[in-house]
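In the order they appear, the protein sequences are chains H and G. Taking my numbering, the leading residue of the first sequence gets 292, the next gets one more, and so forth. Taking my numbering, the leading residue of the second sequence gets 292, the next gets one more, and so forth. Here a beta-carbon is modelled for each residue, glycine too, at the ideal position from N, C-alpha and C.
Number of protein chains: 2
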Amino acid sequence: MLKVNRIHHVAVVVDDMEESLSFWRDALGLQMTELRDSPAEQVQIAFLPVAGSEIELVRPTSADSGLAKYLAKRGPGMHHICLETDDIEAMMMQLKAKGVRLINDTPRTGVDGRKYAFIHPESTGGVLVELYQL
Amino acid sequence: MLKVNRIHHVAVVVDDMEESLSFWRDALGLQMTELRDSPAEQVQIAFLPVAGSEIELVRPTSADSGLAKYLAKRGPGMHHICLETDDIEAMMMQLKAKGVRLINDTPRTGVDGRKYAFIHPESTGGVLVELYQL
Numbered sequence: 292m293l294k295v296n297r298i299h300h301v302a303v304v305v306d307d308m309e310e311s312l313s314f315w316r317d318a319l320g321l322q323m324t325e326l327r328d329s330p331a332e333q334v335q336i337a338f339l340p341v342a343g344s345e346i347e348l349v350r351p352t353s354a355d356s357g358l359a360k361y362l363a364k365r366g367p368g369m370h371h372i373c374l375e376t377d378d379i380e381a382m383m384m385q386l387k388a389k390g391v392r393l394i395n396d397t398p399r400t401g402v403d404g405r406k407y408a409f410i411h412p413e414s415t416g417g418v419l420v421e422l423y424q425l
Numbered sequence: 292m293l294k295v296n297r298i299h300h301v302a303v304v305v306d307d308m309e310e311s312l313s314f315w316r317d318a319l320g321l322q323m324t325e326l327r328d329s330p331a332e333q334v335q336i337a338f339l340p341v342a343g344s345e346i347e348l349v350r351p352t353s354a355d356s357g358l359a360k361y362l363a364k365r366g367p368g369m370h371h372i373c374l375e376t377d378d379i380e381a382m383m384m385q386l387k388a389k390g391v392r393l394i395n396d397t398p399r400t401g402v403d404g405r406k407y408a409f410i411h412p413e414s415t416g417g418v419l420v421e422l423y424q425l
């Protein structure tokens, strides 16, 4: 059976990055290693590693994206959990064989080369789960 | 400055434990180390460790608890993220000094001796954050 290696990150959707950082970085003491603008994905992301995982604060930078609509509808808060695996294609096959509904039928590739895909919350008990292969 | 050691767990509130386990354990391949009934907290909890963290599936076992009301109102999904620290009292002092609103003014102690406290989502950008000192 294929394995999940670790919780790669927990993504939090935020509407005000500075206000969010005043909690996660300044009050809680997490270190922010990068604040990245990603125009292709219409988001700004703050990366705050914690041991082998990461808190990612994600702010939509346009009003049209799916994430902006999610934020407008549901408010800020936890958005998804990302699990890292060594073989994303095989994991997706395994999930499909178990009747799990995937949002992406094949993995997508990020600008940094990582492969990723989302699992539909309908199959997970309401949690948006992302898979990563680095 | 005080430190967060790790993401101790991500808690997912579920309405059907067997259906949730069919995804997290049977399809995704996580190992369930314990399925615990906790009458004092009116919940059943499945523990699924992933590297140094854990997914915890939490099912309300009565209709009256706060968690049962949360589930009835918001549906199943991610409930909170728990961060481990070495000195919860000092961390709570630090948070208060930064104007962060806490749900628990002093740490509570679990049956297993761990200390815990919740931070109000109002101060975190919509995320219910729990602190642990083991």
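Rounding to the nearest angstrom, what Cα-Cα distance links D307 (chain G) and R350 (chain G) in this structure?
7 Å
Rounded distance between the beta-carbons of V341 (chain H) and V295 (chain G), thought under 8 Å:
6 Å
Over the uninterrupted alpha helix (DSSP H) stretch that includes L386 (chain G), give me the two end residues.
379–388
In the segment 340–369 of chain H, which residues sit with their C-beta less than 7 Å from some C-beta in chain G, listed in chain order?
V341, A342, G343, S344, G366, P367, G368, M369
Grab the span of the alpha helix (DSSP H) containing L312 (chain H) for me, first residue to last.
308–312
State the start and end residues of the unbroken alpha helix (DSSP H) segment that holds L362 (chain G).
357–365
Below 8 Å on the Cβ atoms is my contact criterion, and I expect S356 (chain G) with Q333 (chain G) to pass it. Report the Cβ-Cβ distance as a whole number of Å.
4 Å
Cβ of F319 (chain H) within 8 Å of Cβ of I336 (chain H)?
For the sequence presented, residue 319 (chain H) should be read as Leu rather than Phe. It is not a contact, given that the beta carbons lie outside the stated cut-off.
In the DSSP assignment, what are the bridge partners of H329 (chain G)?
For the record, residue 329 (chain G) in the displayed sequence is Ser; it is not His. The partner list for S329 (chain G) (beta bridge, DSSP) reads G:V334.
Note down, in chain order, every chain H residue with its Cβ under 9 Å from the Cβ of R392 (chain G).
The premise fails here: R392 (chain G) is roughly 10 Å from chain H at the closest Cβ pair, so nothing lies under 9 Å.
Please name the residue, chosen from G:K364, G:R327, G:L293, G:L339, that lies closest to F314 (chain G) on a Cα-to-Cα basis.
G:L339
Which residues share a DSSP beta bridge with A354 (chain H)?
Its beta-bridge partners do not exist; DSSP assigns none.
Straight-line CA distance for T397 (chain G) to R405 (chain G)?
13 Å
Residues of chain G with CB under 7 Å from T397 (chain H), in chain order?
The contacting residues do not exist; T397 (chain H) stays about 18 Å from chain G at best.
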